[in-house]
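Worksheet: the structure to be examined is printed underneath.
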Amino acid sequence: MKRLITAITFTALSIAGPAFSAGDLSRANVIDVVLEMGSNDDGMYFKPNNFEFETGRAYKLILKNVDEIKHEVSLHEMGERIFTRKIEVSDTQGNFIAEIKGSIVEVEVGAGQTVEWFFVPVQTTSGPIEITCEIPGHYEAGMHATAVIK
Ligand SMILES: [Cu+2]
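Plus 3 on top of the position in the sequence shown (first one is 1) and you've got the numbering used here.
What follows is the structure, encoded as structure tokens:
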């Protein structure tokens with residue numbers, strides 16, 4: 004009898020298991036984060052220049068290039084620590100152009116354009132890691148930021 008009760012309890016827990024799941028983490032409560040790219044009298048910048056993300060939360064990183072030249076956002080190590088759901092590209096009127104899926108670590112954004120990067124951090128960092136613009140001279144001009152995944 005005791006064995007039967009144990010078996011029933013185990014079965015009940017197995018069935019109840021999925022009910023404890025939080026659902027699709029990549030789509031729930033997406034947090035908007037804007038990364039502005041531009042130039043000013045001091046050189047070139049990413050604004051803000053430090054970011055903090057949390058594992059298991061869904062983000063929409065809005066890459067907003069307010070400059071008159073193209074810029075890049077290269078995630079380097081952070082690219083290996085996130086799950087990219089998609090990258091969305093729309094025209095200036097907001098009309099859909101493209102959705103790109105797969106593992107991505109670098110995105111180039113045209114002058115005055117915006118690209119949306121949807122991702123979920125899956126691994127923490129041991130400290131701040133660098134996000135940079137890889138166009139020659141831009142890093143030296145100030146185009147870099149740090150990110151931490153907690
Ligand atoms: Cu740049």
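For glycine and all other residues, C-beta sits at the position ideal for the given N, C-alpha and C.
Looking from the CA of Phe-122, the closest CA among Lys-50, Ser-129, Gly-115, Val-108 belongs to Val-108.
Per the coordinates, the alpha-carbon of Val-151 lies some 9 angstroms from the alpha-carbon of Glu-133. Of the heavy atoms belonging to ligand 1, at least one sits nearer than 7 angstroms to the Cβ of Ile-138. Under DSSP, Asp-45 takes part in no beta bridge, so it has no partner.
Between the beta-carbon of Thr-135 and that of Ser-42 there is about 16 angstroms, and that puts the pair past the 8 angstroms contact cut.
Within 7 angstroms of the C-beta of His-141 there is at least one heavy atom belonging to ligand 1. Between Asp-35 and Lys-63 a beta carbon distance of about 5 angstroms is seen, short of the 8 angstroms cut, so the two are scored as contacting.
Around the CB of Pro-51, fewer than 16 other CB atoms lie within 10 Å, so the residue is classed as exposed. Under the three-state reduction of DSSP output, Met-146 falls in the coil class, being neither helix nor strand.
A direct Cα-to-Cα measurement between His-147 and Glu-75 gives close to 10 angstroms. His-74 sits in a strand when the DSSP states are folded into three classes. The region 104-132 is shown to contain no whole alpha helix (DSSP H) run of 4 or more residues. Residue environment analysis places Asp-70 among the buried positions, since at least 16 neighbouring C-beta atoms fall within 10 angstroms of its C-beta.
Contact between Ala-61 and Arg-84 is ruled out by a C-beta separation of about 15 angstroms, above the 8 angstroms threshold.
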